[in-house]
Amino acid sequence: MTTRDCSNPTQAALSIDEVWQILEAVRDPEIPVLSIQDLGVLREIHFEDGELRVTITPTYSGCPAMDRIREQINEVLAARGIDSVRILTRLSPAWSSDWLSERGKARLERYGIAPPRASAAGRAPVVPCPRCHATDTRLVSEFGSTACKALYSCNSCLEPFDYFKCL
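Using our numbering, the first residue of the sequence shown is number 4, and each one after it goes up by one.
As structure tokens, then:
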């Protein structure tokens, strides 16, 4: 059900599409080139019972970035005069790296992080270097700078880089 709080003229005048555009400003605190839309964390937006409801899904249970993402959502909406907001967390289905947008994958690569790549079951993916694009790379550690990333090294340009794991 979609209703609007008519006591707040700004909120009453905004469409769902406009709210999606406003929330484009909310960035992942761990990877600031990604919006929460690019990351696939922003799941749903609707008006109900006079308030805006925003549904998000963490990239994994206990993700420390979620508190800051909630704060940013409230901040950008309040700056646009939307003050009746409820942020809901949806855990099922669990977030998947499949939810990353194509734009998000391109942004990751430009930022120096190799985007997730599909691989045959049981085989490590070939991860091209996001700097020189060589495929002669090696896994250094399954655990990178965050839980979502692994550390790789390029044997061509000799640069280390993060790989956003398939989750």
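Quick reminder that beta carbons are idealized off the backbone N, C-alpha and C, glycines included.
Since residue i and residue j are thought to touch, with beta carbons under 8 Å apart, how far apart are those beta carbons, to the nearest angstrom?
i, j, result
"valine 79", "isoleucine 25", "6 Å"
"alanine 121", "tyrosine 155", "At roughly 16 Å, the Cβ-Cβ gap does not stay under 8 Å, so alanine 121 and tyrosine 155 are not in contact."
"phenylalanine 164", "cysteine 157", "7 Å"
For residue i, count the other beta carbons within 10 Å of its own beta carbon; 16 or more makes it buried, fewer makes it exposed. Which is it?
i, result
"glycine 107", "buried"
"glutamate 105", "exposed"
"serine 100", "buried"
"glutamate 112", "buried"
"tryptophan 98", "buried"
"aspartate 41", "buried"
Are the Cβ atoms of residue i and residue j separated by less than 7 Å?
i, j, result
"arginine 30", "serine 18", "no"
"proline 96", "cysteine 169", "no"
"glycine 43", "tryptophan 102", "yes"
"arginine 56", "arginine 89", "yes"
"threonine 62", "cysteine 151", "yes"
Output needed for residue i: all residues of its chain with C-beta closer than 7 Å, excluding positions within five of it in sequence on either side, in chain order.
i, result
"threonine 58", "Arg46, Glu47, Leu91 and Arg93"
"arginine 71", "Pro32"
"glutamate 145", "Ala153"
When you measure from the CB of residue i to every non-hydrogen atom of the ligand MN, does any distance come out below 6 Å?
i, result
"leucine 17", "Of the ligands one can find in the structure shown there are none, so the ligand MN has no counterpart to examine."
Between which residues of its own chain and residue i is the CB-CB distance below 6 Å, once the five residues before and five after are set aside?
i, result
"phenylalanine 36", "The sequence shown places valine at residue 36, not phenylalanine. For valine 36, where only same-chain residues beyond five positions count, the Cβ hits under 6 Å are Arg110 and Tyr114."
"aspartate 139", "Asn158 and Ser159"
Apart from the five residues on each side of it in sequence, which residues of its chain come closer than 8 Å, Cβ to Cβ, to residue i?
i, result
"cysteine 160", "Cys132, Arg134, Cys135 and Ala137"
"arginine 73", "Ile59 and Ile90"
Do the stretch 128 to 135 and the stretch 80 to 87 touch if we need at least three Cβ pairs shorter than 8 Å?
-> No: fewer than three Cβ pairs fall under 8 Å.
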